[in-house]
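Colleague: Provided herewith is a single structure, encoded as structure tokens, for subsequent inquiry.
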Amino acid sequence: MLPTVSSATVLLAADGAGHGPQDVPELGWVGAVLVGVLALAGAVFILVSAVAMYLAPDALSQVNMLGPAMGVGVPLLIISHLVYSWATVGFVAGEFLRAVVAVAALLVVQSVGSYVMGRALHAVHWDHTVPLSGGEKNTAERP
2 MLPTVSSATV
12 LLAADGAGHG
22 PQDVPELGWV
32 GAVLVGVLAL
42 AGAVFILVSA
52 VAMYLAPDAL
62 SQVNMLGPAM
72 GVGVPLLIIS
82 HLVYSWATVG
92 FVAGEFLRAV
102 VAVAALLVVQ
112 SVGSYVMGRA
122 LHAVHWDHTV
132 PLSGGEKNTA
142 ERP
């Protein structure tokens, strides 16, 4: 017969020190709902941005589609992890500081990267009006 283990106790088989069962903090239903909503919202932003990038007509538009994913989606995932940490362990100043630095650095890197990619696309004198699918550009003169 197998021994029963409560939901708050987990036996770590990889722990070679032989310390036995350890207590794992439980996540309440309010925390679980909040973490789930934040994580799903972040994932939806990333998914919608990926689909929009796929459907974008040119490379410059594809670069612009990174904004919602990197500016909202990934920070929501970071905040979701922070809320999970707060709901299970409690407030830890190091976790909060790490999340703030991660979101701030992400926004700076995303904006600088978008600027650099946009400049690079324009620097090569690439005609961004030609479709990426290889279609023909309408070169008819306008009166």
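In terms of the working numbering, the sequence shown opens at residue 2 and continues consecutively. Even glycine gets a Cβ: it sits at the ideal position worked out from N, Cα and C. No experiment lies behind these values; they were computed from the predicted model shown.
Tell me the rounded alpha-carbon separation between Gln-63 and Thr-89.
Modeller: One C-alpha to the other measures close to 39 Å.
Colleague: According to DSSP, simplified to helix, strand and coil, what is Met-71?
Modeller: In the structure shown, Met-71 sits in a helix (DSSP, three-state: H, G or I).
Colleague: What is the rounded straight-line gap between the Cα of Leu-122 and the Cα of Arg-99?
Modeller: About 34 Å.
Colleague: Look at the Cβ atom of Gly-43, then the Cβ atom of Val-73, and state whether they are nearer than 9 Å.
Modeller: Going by C-beta atoms, Gly-43 is nearer than 9 Å to Val-73.
Colleague: Identify which residue in Ala-33, Tyr-116, Leu-77, Ala-124 has its Cα closest to the Cα of Ala-105.
Modeller: Taking only the C-alpha atoms, the option nearest Ala-105 is Leu-77.
Colleague: For the alpha helix (DSSP H) containing Phe-46, list its first residue and its last residue.
Modeller: Start and end: 30–56.
Colleague: Alpha helix (DSSP H) containing Phe-92: first to last residue?
Modeller: Counting along the chain, Phe-92 falls outside any alpha helix (DSSP H), and DSSP gives it neither H nor E.
Colleague: What's the C-alpha gap between Leu-67 and Ala-40?
Modeller: Between Leu-67 and Ala-40, the C-alpha separation is close to 18 Å.
Colleague: Could you check which residue in Val-84, Asp-59, Val-52, Leu-48 has the C-alpha nearest to that of Val-34?
Modeller: It is Val-84.
Colleague: With H, G and I counted as helix, E and B as strand and the rest as coil, what does DSSP make of Met-66?
Modeller: Note: Met-66 maps to coil in three-state DSSP.
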